[in-house]
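Heads up, the sequence shown is in our numbering, so the first residue is 40 and it goes up one at a time.
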Amino acid sequence: MDKFTQTFKEEAIELLQQLEESLLELESNQDDMNIIDKVFRAIHSVKGSAGMFGFTQISDFTHEIETVLDLARNGEIQVSNTLIDLVLQARDIILAMLDPECVSEGIEERVTSQIIQQLKAMHPESEKDLNEDTAEVIPEPVPVEPAPKTEMTSAKGVYWIRFKPEKDIFHSGTNPLNLLTELSMLGKSEIISHLDNVPDINTYNTDACYFWWDILLITSEDINTIKDVFMFVEDRCELKIEKLSINEEMTNNFNFKAFTSIFSRESEFGPLDLLAFLEEAQEDSLDDILLTDTEDEHGEASIHDIKNRLLKTTPALTSVRVPAKKLDKMVDLVGELIVAQAHLSQMASRNDNLELSTISETFDRLCGDLRDNTMSLRMLPIGTTFEKFKRVVRDLSLELKKSVKLKLLGTDTELDKNMIEKLNDPLVHIIRNSMDHGIELPEERERAGKNNSGIIQLAARQAGANIVIEISDDGAGLDAEAIRRKAIENGLLKPETELSENEIFQLIFTPGFSTARNVTNVSGRGVGMDVVRRNIEELKGSIDIASQKGEGTTITINLPLTLAIIEGLLVRIAEDFFILPLAVVSECVELLQKQGNNSSRRNLINVRGELVPYISLREFFAIDGQPPVISQIVLIEIENSKIGIAVDDVIGEYQTVIKSLGRVYRHIYGLSGATILGDGNVALILDLPAIIQQAAKEESLLIEELEASF
């Protein structure tokens, strides 16, 4: 695939995502013309760019959709749920057409023809003229009543457009002449070519574009439709579009020939000069205005004054599209730079050289700034993923015959784009389970005294170096006894085993576990929640579940902000080095061997009158040797819980480039990765939530119990 085709596909996918969001918004606001216009423009843009890049099948298909949407936009038919359903189905088909695998297999013409036939059936004048020659029986669509007739006017406007493409525009696969052709199809136009940038034959480059154009266009389309023509080249050209404020009579009698004649002859006249000249002299004959001697003093003064008032500047573009692979490569290179900086810092500390130390400190500061800015490039609002689930909830609501609303919170919370991409499947599984197992049918909710419509809430927030995502519903909640019985039936649990309610809930993450009585398209096969846990753990995260029978369920996912570079605290135990995420560290305190309180097998330390539990990493990882007389306790705070991590020595802050562990070491609980130190040694990065969870199980030490006791 060439880079131009790839660019088109990326743009098309974005437009289709916008289309889906607008259609879902339109479903609850079917009379909102602004939303209808947004839907139309998205389809129009996909059609235009598809035709430009040779995707004829997509272009032809979207043309049929555009035709029906244009009828709705002009008030000739009413927007209905049937229309929205069809356009959503069509949107999915277009998305499939962009997939190379689907293209190679071929999109069945039968599928597209069914959609087209149903779209054509919505034309008021064509309801009785459906194509009867198709072999496939087309389901009879819901009749669409024409919208009430209103006084519609096809008011025309005169636009001046200046289009100055960059010299290398051909390198992007764009031919400016195709854009001019598309523009002329919007109405009556006159194109003025400017050749002043064309060099002599000795320096002429056949791959460069030296031309630029002024276009005068009379059209009934709005300015947004004109802008859509230049959508894919707006970052590779200078583009100005102005509308003349002239009366209807002048518009209808516009003299293109006379206007373009003076436009092309008088280089000292800018477009705004001429437009202002027209606007100021609307009372006179248009031909007289255009044929007036441009050296007339009054005319020159008028134009000069108006020019000073109306000259505008075009704001510079503030965003650039960059392939994700280039960003990933940049992050990798910054990581290598940080490792080199750490080596330089160690050399400077070993050598009593002031100049080297100064360079090292400057390099350290610049590396930190570069790291922060580079990582920010990969951070995206999680709302980009959350918004996609509106369609999932809508479609499942129809399939399950349930009324469910999706509520989104914290959509501006940012997360590494690589993690956002990998979150999609786990969240889909959780939402599907919430809708199938959690949310009750409307009549069941009524009997329980609840609102007919269930609510699923997706919320995200930042907590230190982590992102917390909560998926909650107000459904029936989990039945601990039913889960226990099913686990015993499946041989996952012995009848005599005693488990807390929270431990019973964790059984739903066991492979093959399902409490569904019937296997459906949505769930019941025992596949899903175990995959969810595995995917979350691969992201170095954790997942927990809480539920109240009859009130609902909340699933909480904890994830690190990024899997690339973090600020860490370097610590040592014997000859081994470890990294703790600095964002969760609150302070460090000393611990004498005799100071620790080990009553009831609990490690506790008194910090300014507060007893805080701590975990000895030496004991947790079974590291040989005796601890020092004075150990260091690193106090951390995770989700409002305070706990200590006992180490031999705290070395200091360290910029940490996260490297994945090999397959041999992935089974070791409590580690999320490794990093290379400046001297070549390896430090292991701690997964603190996992360590706390495991330590609580091993020592029967639950954080909730300690907080209640003290």
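Note that the Cβ used here is the ideal one computed from N, Cα and C, for glycine as well.
Which residues share a DSSP beta bridge with A722?
Working through the sequence shown from its first residue, we reach residue 722 at position 683. Answer is F616, T714, bridged to A722.
Determine the closest residue to S61 out of I123, F659, P666, with distance taken between C-alpha atoms.
For the purposes of this step, residue 61 is taken as the residue at position 22 of the sequence shown. Closest option to S61, Cα to Cα, is I123.
Quick one, are the C-beta atoms of L219 and F202 less than 9 Å apart?
Here residue 219 is taken as the residue at index 180 of the sequence shown, counted from 1. Here residue 202 is taken as the residue at index 163 of the sequence shown, counted from 1. Yes, the pair counts as a contact, with Cβ atoms nearer than the cut-off.
Taking CB distances under 9 Å as the criterion, tell me whether Y198 reaches chain D.
Of the chains in the structure shown, none is chain D; there is only one protein chain.
Distance check for L466 and E577, CA to CA, integer angstroms please.
Within the sequence shown, numbered from 1, the residue matching residue 577 stands at position 538. Within the sequence shown, numbered from 1, the residue matching residue 466 stands at position 427. Taking the straight line from one Cα to the other gives about 15 Å.
Under the three-state reduction of DSSP, which class applies to L349: helix, strand or coil?
For the purposes of this step, residue 349 is taken as the residue at position 310 of the sequence shown. Low local confidence applies: a pLDDT of 36 at L349 is under 50, so the model's placement there is unreliable, and no value is given.
May I ask which residues mark the beginning and end of the alpha helix (DSSP H) holding S388?
Position 349 of the sequence shown holds residue 388. First-last of the alpha helix (DSSP H) with S388: 363-389.
If you pair each beta-carbon of the segment 204-220 with each one of the segment 273-284, do three or more pairs fall below 8 Å?
yes
Assess, as a yes-or-no matter, whether the segment 393-405 is touched by the segment 432-448 under the definition of 3 or more beta carbon pairs within less than 8 Å.
no
What does a CB cutoff of less than 7 Å around Q385 pick up in its chain, not counting 5 residues either side in sequence?
On the sequence shown, residue 385 is found 346 positions in, with the first residue counted as 1. Result list for Q385: G717, D718, in chain order.
Roughly how many angstroms separate the alpha carbons of E537 and A729, rounded to a whole number?
The count along the sequence shown starts at 1 and reaches residue 537 at position 498. The count along the sequence shown starts at 1 and reaches residue 729 at position 690. Roughly 23 Å separates the two Cα atoms.
How many angstroms separate the CA atom of A340 from the CA atom of Q56?
Locating residue 340 in the sequence shown gives position 301, counting from the first residue. Locating residue 56 in the sequence shown gives position 17, counting from the first residue. Confidence in A340 is poor, its pLDDT being 36 and thus under 50, which makes the residue's placement unreliable; the coordinate value appears in the next sentence. Using only the alpha carbons, I get a separation of about 51 Å.
Helix, strand or coil at N85 [DSSP, three-state]:
What you label residue 85 is simply residue 46 of the sequence shown in a count that begins at 1. Note that residue 85 is Val in the sequence shown, not Asn. Here V85 sits in helix by DSSP.
Check whether the segment 641-660 and the segment 598-617 are in contact - that is, three or more C-beta pairs closer than 8 Å.
yes
On the DSSP letters alone, give me the boundaries of the beta strand (DSSP E) that Q96 sits inside.
Residue 96 sits at position 57 when you count from the first residue of the sequence shown. Looking at the DSSP string, Q96 is not in any beta strand (DSSP E); the run it does join, the alpha helix (DSSP H), is 95-112.
Based on the DSSP output, what are the partners of D274 in its beta bridges?
Reading the sequence shown from its first residue, position 235 is the one you call residue 274. Note: D274 sits in no beta bridge, so no partner.
Taking the CB atoms as reference points, tell me whether L409 and L376 lie closer together than 9 Å.
As a first step, residue 409 is located in the sequence shown; it is residue number 370 there, counting from the start. As a first step, residue 376 is located in the sequence shown; it is residue number 337 there, counting from the start. In contact: L409 and L376 (Cβ atoms closer than 9 Å).
When you compare only the Cα positions, how much space is there between T695 and A363?
Your numbering for residue 695 matches position 656 in the sequence shown. Your numbering for residue 363 matches position 324 in the sequence shown. Cα to Cα, T695 sits roughly 22 Å from A363.
Tell me the rounded alpha-carbon separation between I280 and R417.
Reading the sequence shown from its first residue, position 241 is the one you call residue 280. Reading the sequence shown from its first residue, position 378 is the one you call residue 417. The alpha-carbon atoms of I280 and R417 are separated by roughly 34 Å.
At least 3 beta-carbon pairs within less than 8 Å: the segment 577-596 vs the segment 493-512
yes
Do you know whose CA, among I584, G580, E535, lies nearest L546's CA?
Here the question's residue 546 lines up with position 507 in the sequence shown. If we check each option's Cα against that of L546, I584 comes out closest.
If you count every other CB in all the chains shown that lies within 10 Å of the CB of A499, and 16 or more means buried, which is it?
Counted from its first residue, the sequence shown places residue 499 at position 460. Buried, by the Cβ-count rule.
What's the call for S711, buried or exposed, on a 16-neighbour Cβ count within 10 Å?
Here residue 711 corresponds to residue number 672 of the sequence shown, with the count starting at 1. S711 is buried by the Cβ-count criterion.
Between which two residues does the beta strand (DSSP E) carrying K429 extend?
Looking up residue 429 in the sequence shown gives position 390. Run containing K429: none in the beta strand (DSSP E); it sits in the alpha helix (DSSP H), 428-439.
State buried or exposed for A129, treating a residue as buried only when at least 16 other CB atoms are found within 10 Å of its CB.
By 1-based counting over the sequence shown, the position of residue 129 is 90. Buried, because 16 or more other Cβ atoms sit within 10 Å of the Cβ of A129.
Considering only residues of the same chain and omitting the five flanking positions on each side of D688, which have a CB-CB separation below 7 Å?
As a position in the sequence shown, residue 688 is number 649, starting the count at 1. Same-chain partners within the cutoff: V610, R611, Q671.
DSSP on H233, reduced to helix/strand/coil?
Residue numbering aside, residue 233 sits at position 194 when the sequence shown is read from its first letter. Reduced to three states, the DSSP call for H233 is strand.
In the DSSP output, which residue or residues are listed as bridge partners for F425?
Counting from 1 along the sequence shown, the entry for residue 425 is found at position 386. Bridge partners of F425: none, in fact.
Measuring only the C-alpha atoms, how far is Q157 from L110?
Position 118 of the sequence shown holds residue 157. Position 71 of the sequence shown holds residue 110. In a straight line, the C-alpha of Q157 is about 14 Å away from that of L110.
Is the CB-CB distance between L505 and L598 below 9 Å?
Stepping through the sequence shown from its first residue, residue 505 is reached at position 466. Stepping through the sequence shown from its first residue, residue 598 is reached at position 559. According to the sequence shown, residue 505 is Asn rather than Leu. Contact: yes.
Please say whether I707 and V624 have beta carbons closer to each other than 9 Å?
Taking the first residue of the sequence shown as position 1, residue 624 is located at position 585. Taking the first residue of the sequence shown as position 1, residue 707 is located at position 668. For V624 and I707, no; Cβs fall outside 9 Å.
Run through the segment 434-477 for me and flag every whole alpha helix (DSSP H) of 4 or more residues, listed as ranges in chain order.
456-472
How many Å lie between V85 and S211 at the Cα?
Within the sequence shown, the letter at position 46 stands for residue 85. Within the sequence shown, the letter at position 172 stands for residue 211. Using only the alpha carbons, I get a separation of about 18 Å.
Determine the closest residue to T44 out of Q117, D138, L63, T106, with distance taken between C-alpha atoms.
The residue given as residue 44 occupies position 5 in the sequence shown. When only C-alpha atoms are compared, the closest one is D138.
Given a threshold of 16 other Cβ atoms within 10 Å of its Cβ, counted over all protein chains shown, does M72 qualify as buried or as exposed?
Residue mapping note: residue 72 aligns to position 33 of the sequence shown, counting from 1. Under this definition M72 is an exposed residue.
Buried or exposed for V197, going by 16 or more other Cβ atoms inside 10 Å?
Along the sequence shown, read from residue 1 onward, the residue named residue 197 stands at position 158. V197 comes out buried.
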